[in-house]
Amino acid sequence: MKSMRASVLSALGLFLFCHVAFAAKPPKRLYVFGDSYSDIGRGWVDSDGPTAVAYLAKRLGLTMVASNAPNSAGKSLNFAVSGAPSGENPGQAVPHGWLGLGMKNQVSEFVAMVHSGAVSFDPETTLFFLAGGLNDHSLSTEQTVANLEGEIDSLYAVGARRFSVAILPEKIPAFRPVAVRLNPALRKIPTEIGPKLKGAEVRTSQWGAFFDVILENPSKYGFTDVTNQCAGRSIFNEDTTPCATPATHFYYHEAHPSTAASKVVGDMLYDELMSR
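Per mature numbering (1 follows the signal peptide of the UniProt record, and there is no 0): the sequence shown = residues -23 to -1, 1 to 253.
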């Protein structure tokens, strides 16, 4: 009994040590994997400016660039690609961009960069942010979870220790069904995979819920239109002429937030991170 109690206390002590060590060190590097809600140029930016994670990086004082940008050494990298599913997909070229490169492919790119020496990082001060699932309409919940947990495993294998798994927005009509279906399972990922990864911190982020907060009380955040898109998409040959006041529209493109909305969410992400 004493031996078992000692083992439990030892394990608890290790968990608390890792938690305190990580919590005491704000991220100095940020790596992002995801879809259009995070893409800043690796694929195709489905907005009129930076996405929420880019604003988070700015608040942290970090320089974030798309993962395929030149001179990216030593910078925070964003691998997110518009249209990405949580798993594997080769994607396809579009004018001035790329669509649909899967999150598994994105993580594989990162792993290859680590192995080649192009990327190095301090595990204690590097945060890996995974925001995926919005494009998993045709995948089962179990497959989405397996994809994300597999990607965390791959990142852990090359030294990653701090992970944030994004909860999805439930009040955006186009994505509500998949978000409502996936969120309960996404919330369980830290308790499912965390104990298997020695020395790691796996948490959820209320990333998607922050978009919902804006939609619940848009006037508080300066938005007067939470229904209509501000402009069409060039890749779909739509009229790209922007509305008169993009900053007061929640949506810039259909079902995709304006950079003004993303900035609000980025600030919320910063507050969330700093409160831990």
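Note that the Cβ used here is the ideal one computed from N, Cα and C, for glycine as well.
Alpha carbon of residue i to alpha carbon of residue j, nearest angstrom
{"i": "residue 218", "j": "residue 22", "result": "16 Å"}
{"i": "residue 210", "j": "residue 61", "result": "17 Å"}
{"i": "residue 214", "j": "residue 20", "result": "18 Å"}
{"i": "residue 167", "j": "residue 131", "result": "16 Å"}
{"i": "residue 144", "j": "residue 160", "result": "6 Å"}
{"i": "residue 196", "j": "residue 237", "result": "13 Å"}
{"i": "residue 76", "j": "residue 59", "result": "5 Å"}
{"i": "residue 146", "j": "residue 9", "result": "18 Å"}
{"i": "residue 251", "j": "residue 119", "result": "31 Å"}
{"i": "residue 156", "j": "residue 139", "result": "24 Å"}
{"i": "residue 244", "j": "residue 224", "result": "16 Å"}
{"i": "residue 38", "j": "residue 11", "result": "21 Å"}
{"i": "residue 85", "j": "residue 202", "result": "39 Å"}
{"i": "residue 36", "j": "residue 42", "result": "15 Å"}
{"i": "residue 231", "j": "residue 194", "result": "20 Å"}
{"i": "residue 192", "j": "residue 16", "result": "21 Å"}
{"i": "residue 92", "j": "residue 154", "result": "38 Å"}
{"i": "residue 133", "j": "residue 175", "result": "10 Å"}
{"i": "residue 96", "j": "residue 51", "result": "7 Å"}
{"i": "residue 216", "j": "residue 207", "result": "10 Å"}
{"i": "residue 148", "j": "residue 78", "result": "25 Å"}
{"i": "residue 170", "j": "residue 198", "result": "36 Å"}
{"i": "residue 73", "j": "residue 48", "result": "20 Å"}
{"i": "residue 253", "j": "residue 98", "result": "21 Å"}
For residue i, the three-state DSSP class (helix, strand or coil)
{"i": "residue 229", "result": "strand"}
{"i": "residue 55", "result": "strand"}
{"i": "residue 71", "result": "strand"}
{"i": "residue 133", "result": "helix"}
{"i": "residue 242", "result": "helix"}
{"i": "residue 43", "result": "strand"}
{"i": "residue 96", "result": "coil"}
{"i": "residue 11", "result": "strand"}
{"i": "residue 86", "result": "helix"}
{"i": "residue 102", "result": "helix"}
{"i": "residue 25", "result": "coil"}
{"i": "residue 219", "result": "coil"}
{"i": "residue 172", "result": "helix"}
{"i": "residue 179", "result": "strand"}
{"i": "residue 140", "result": "strand"}
{"i": "residue 234", "result": "strand"}
{"i": "residue 36", "result": "helix"}
{"i": "residue 16", "result": "coil"}
{"i": "residue 208", "result": "coil"}
{"i": "residue 50", "result": "coil"}
{"i": "residue 202", "result": "strand"}
{"i": "residue 253", "result": "coil"}
{"i": "residue 192", "result": "helix"}
{"i": "residue 163", "result": "helix"}
{"i": "residue 272", "result": "The structure shown has nothing for residue 272, since the chain only spans -23 to 253."}
{"i": "residue 303", "result": "The structure shown does not extend to residue 303, since the chain is modelled only from -23 through 253, so no value can be given for it."}
Beta-carbon proximity check, residue i vs residue j, cutoff 8 Å
{"i": "residue 40", "j": "residue 53", "result": "yes"}
{"i": "residue 7", "j": "residue 46", "result": "no"}
{"i": "residue 142", "j": "residue 188", "result": "no"}
{"i": "residue 137", "j": "residue 100", "result": "yes"}
{"i": "residue 126", "j": "residue 80", "result": "no"}
{"i": "residue 63", "j": "residue 109", "result": "yes"}
{"i": "residue 226", "j": "residue 200", "result": "yes"}
{"i": "residue 135", "j": "residue 88", "result": "yes"}
{"i": "residue 14", "j": "residue 163", "result": "no"}
{"i": "residue 205", "j": "residue 229", "result": "no"}
{"i": "residue 184", "j": "residue 116", "result": "no"}
Contact belief for residue i with residue j at Cβ below 8 Å, rounded distance in angstroms
{"i": "residue 165", "j": "residue 102", "result": "No, residue 165 and residue 102 are not in contact; Cβ-Cβ is about 27 Å, not under 8 Å."}
{"i": "residue 239", "j": "residue 27", "result": "6 Å"}
{"i": "residue 106", "j": "residue 30", "result": "6 Å"}
{"i": "residue 82", "j": "residue 67", "result": "7 Å"}
Any non-hydrogen atom of the ligand NAP within 7 Å of residue i CB
{"i": "residue 123", "result": "No copy of the ligand NAP appears in this structure; indeed no ligand is present at all."}
Contact with chain C by residue i, beta-carbon distance below 8 Å
{"i": "residue 69", "result": "Among the chains of the structure shown, chain C does not appear; only one protein chain is present."}
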